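Chain order of the listed sequences is A and X.
My numbering numbers the first residue of the first sequence as 131 and each following residue consecutively.
My numbering numbers the first residue of the second sequence as 131 and each following residue consecutively.
There are 2 protein chains.
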Amino acid sequence: MNFPSNIFNSHPKEDGDFFGGMTRILGFKPKKLDIYKKAFLHRSANVKDAKGNPMNYERLEFLGDAMLGTIISRYLYNEVPEGDEGYLTKMRSKIVSREHLNELGKDLNLIDFVESRIPRSHFGDNIHGNVFEALVGAIYLDRGYKYCEKFINSRVIIPYVDIEQLEGKVISYKSLVIEWCQKQKKTFNYHVYEDTGKDVLKHFAVKLTIGNNVVAKARATSKKKAEERASKRAYFALQNKIDKSE
Amino acid sequence: MNFPSNIFNSHPKEDGDFFGGMTRILGFKPKKLDIYKKAFLHRSANVKDAKGNPMNYERLEFLGDAMLGTIISRYLYNEVPEGDEGYLTKMRSKIVSREHLNELGKDLNLIDFVESRIPRSHFGDNIHGNVFEALVGAIYLDRGYKYCEKFINSRVIIPYVDIEQLEGKVISYKSLVIEWCQKQKKTFNYHVYEDTGKDVLKHFAVKLTIGNNVVAKARATSKKKAEERASKRAYFALQNKIDKSE
Numbered sequence: 131m132n133f134p135s136n137i138f139n140s141h142p143k144e145d146g147d148f149f150g151g152m153t154r155i156l157g158f159k160p161k162k163l164d165i166y167k168k169a170f171l172h173r174s175a176n177v178k179d180a181k182g183n184p185m186n187y188e189r190l191e192f193l194g195d196a197m198l199g200t201i202i203s204r205y206l207y208n209e210v211p212e213g214d215e216g217y218l219t220k221m222r223s224k225i226v227s228r229e230h231l232n233e234l235g236k237d238l239n240l241i242d243f244v245e246s247r248i249p250r251s252h253f254g255d256n257i258h259g260n261v262f263e264a265l266v267g268a269i270y271l272d273r274g275y276k277y278c279e280k281f282i283n284s285r286v287i288i289p290y291v292d293i294e295q296l297e298g299k300v301i302s303y304k305s306l307v308i309e310w311c312q313k314q315k316k317t318f319n320y321h322v323y324e325d326t327g328k329d330v331l332k333h334f335a336v337k338l339t340i341g342n343n344v345v346a347k348a349r350a351t352s353k354k355k356a357e358e359r360a361s362k363r364a365y366f367a368l369q370n371k372i373d374k375s376e
Numbered sequence: 131m132n133f134p135s136n137i138f139n140s141h142p143k144e145d146g147d148f149f150g151g152m153t154r155i156l157g158f159k160p161k162k163l164d165i166y167k168k169a170f171l172h173r174s175a176n177v178k179d180a181k182g183n184p185m186n187y188e189r190l191e192f193l194g195d196a197m198l199g200t201i202i203s204r205y206l207y208n209e210v211p212e213g214d215e216g217y218l219t220k221m222r223s224k225i226v227s228r229e230h231l232n233e234l235g236k237d238l239n240l241i242d243f244v245e246s247r248i249p250r251s252h253f254g255d256n257i258h259g260n261v262f263e264a265l266v267g268a269i270y271l272d273r274g275y276k277y278c279e280k281f282i283n284s285r286v287i288i289p290y291v292d293i294e295q296l297e298g299k300v301i302s303y304k305s306l307v308i309e310w311c312q313k314q315k316k317t318f319n320y321h322v323y324e325d326t327g328k329d330v331l332k333h334f335a336v337k338l339t340i341g342n343n344v345v346a347k348a349r350a351t352s353k354k355k356a357e358e359r360a361s362k363r364a365y366f367a368l369q370n371k372i373d374k375s376e
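1. Quick check on the DSSP output: the alpha helix (DSSP H) that includes X/I257 runs from which residue to which?
2. For the segment 271-286 of chain A, enumerate the residues whose C-beta is nearer than 7 Å to any C-beta of chain X, in chain order.
3. Name the chain A residues whose beta carbon is nearer than 7 Å to that of X/F318?
4. Closest to X/I152 by C-alpha separation, out of X/A348, X/D272, X/N319, would be which residue?
5. Is X/L193 close to chain A, meaning its C-beta is less than 8 Å from at least one C-beta of that chain?
6. I'd like to know if A/N183 contacts chain X, where contact means its C-beta is closer than 8 Å to some C-beta of that chain.
7. Buried or exposed: A/T200, going by 16 or more other Cβ atoms within 10 Å of its Cβ?
8. Do you know whose CA, among A/P211, A/G182, A/L190, lies nearest X/E188's CA?
9. Within this structure, are the beta carbons of A/L338 and A/S361 separated by less than 8 Å?
10. Using 8 Å for Cβ pairs, my map puts X/H258 next to X/I269. What's the rounded Cβ distance?
11. List the endpoints of the continuous beta strand (DSSP E) containing A/E324.
12. Since X/P211 meets chain A, which of its residues come closer than 8 Å, beta carbon to beta carbon?
13. With DSSP run on the structure shown, which of helix, strand or coil describes A/N343?
14. Any beta carbon from chain X within less than 8 Å of A/M221's own beta carbon?
15. If you count every other CB in all the chains shown that lies within 10 Å of the CB of A/S203, and 16 or more means buried, which is it?
16. Which one of X/L198, X/A175, X/V261 has the shortest CA to CA distance from X/S246?
17. Quick check on the DSSP output: what are the complete alpha helix (DSSP H) runs of length 4 or more inside the segment 202-252 of chain X, in order along the chain?
18. Under the rule that 16 or more other beta-carbon atoms within 10 Å means buried, what is X/D329, buried or exposed?
19. If you measure from the beta carbon of X/G235 to each beta carbon in chain A, is any gap under 8 Å?
20. Taking the DSSP output, what are the residues bridged to A/M185?
21. So which residues of chain X does A/E297 contact, with C-beta pairs closer than 9 Å?
22. Checking contacts by CB at 8 Å: is X/E188 closer than that to chain A?
23. With distance defined between alpha-carbon atoms, name the residue in A/E263, A/K347, A/D214 nearest to A/R228.
24. Would X/E215 pass as a contact of X/S302 if the rule is Cβ separation under 8 Å?
25. Taking all protein chains shown into account, decide if X/T119 is buried (16 or more other Cβ within 10 angstroms of its Cβ) or exposed.
Pasting the structure below:
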């Protein structure tokens, strides 16, 4: 096989780009860069290690999947003391669903780092989630459990996990807010604008005005998410009023 | 409900017994004893926490199951660099199989600590494995990832995991040794005796003699395991002779 020299050999400029990219995504400096490179190596690149073993992200994906399950389990255990084993299992599988992991990988634009011999347009949707899991596996090997936990907390739990929405109790906070405004005969406005700032990801900000008051602001990686987040804040701020009005 | 006072209230003597028992099984001193008590609390005991949430080992079992999967994944990742994702998944499920976990729990006599309102004889086999998983969950909460890893290494991986046997390449080393002896017209003898020593678990020792030579010794928690372990050692010691004789 041909060992693609641009992947593992020392090319200071490209290594620097990769290092910078990883540091932005991870939120810390990777130590063993080779492990992260492996996390983006598609099997089609047909790379083998010194002993002839195929080298690609699939083994790291196996590791990352397990680690992700553990950290999410711990989070749910603490967060929902009243949930029994069946509930915890169901919630965990919603959080680590293929669909959800693909969304996470897409938001981080992980596909930009993938090395393959197949054009990117030929990949299915699952590559986003698979590479995300492989990245978690790489963090585990490079920096251990604690860094994995921090990464999953900042990249998965804080931005994406909403227990009430996962439980299906609340489908959309935006619709609850709109319903409340209509009932109260109040005007409302979602003002959305791009606000990426120094962030590695494109971000949107939302300012939600009800009547003449700005009742909530939020920021997220998509317009829809930012609106939903602002609505959730507004919803809890208005909770008292809603309760009284019923 | 009645809160069984002998479980959670302060009974110095009983707490001391439980603490001693846990310390022997864990190989380290537990910090938050209450978490471990929960790991042995069967749902039939019908205990509830201060907020009225049911309290039993099932939530800890959920956590321990995830942690066990992660540590075994990491072990396999390192141990079998040539195994692909499918292989790793298959091997992991063999190691954490219900049957295997029940065996682990039984060997540690975990059922002796279970608090329930059902007589022990009424439990099925799975309680052994379930409580073992809950114990792993308790370690995770009490002492964190590192202690979990150490515990699983010393109580699962070192004494029980044999990659070649799991792969089905070798069903029984004892049968290989016997076959070799018969082919070579040599006498053999497995001398088995109890040798618990200072160990928390009952142990057996085996001395394997072929012809006039003691070729291997081993110690394990059952006669069968000790024989198998001695046979494996003998098999590798005899490997050269076997190769030459073929």
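The beta-carbon is built from N, C-alpha and C at its ideal position, and this holds for glycine as well.
A quick note: this is a predicted structure, and the numbers were derived from the prediction, not measured.
Once the coordinates are examined:
1. 256-273
2. Y275
3. Here the premise fails: no neighbours, minimum Cβ distance about 38 Å.
4. Note that residue 152 of chain X is Met in the sequence shown, not Ile. Residue X/D272 is the option with its Cα nearest to X/M152.
5. yes
6. yes
7. buried
8. A/P211
9. yes
10. With 8 Å as the limit, X/H258 and X/I269 do not qualify as a contact, their Cβ atoms being about 17 Å apart.
11. 318-324
12. D179, K181, N183
13. strand
14. no
15. buried
16. X/A175
17. 215-225, 228-237
18. exposed
19. no
20. A/V177
21. Neighbours of A/E297 on chain X: none; closest Cβ ~16 Å, over 9 Å.
22. yes
23. A/E263
24. no
25. This structure cannot settle anything about residue 119 of chain X, because the visible part of chain X is limited to 131 through 376.
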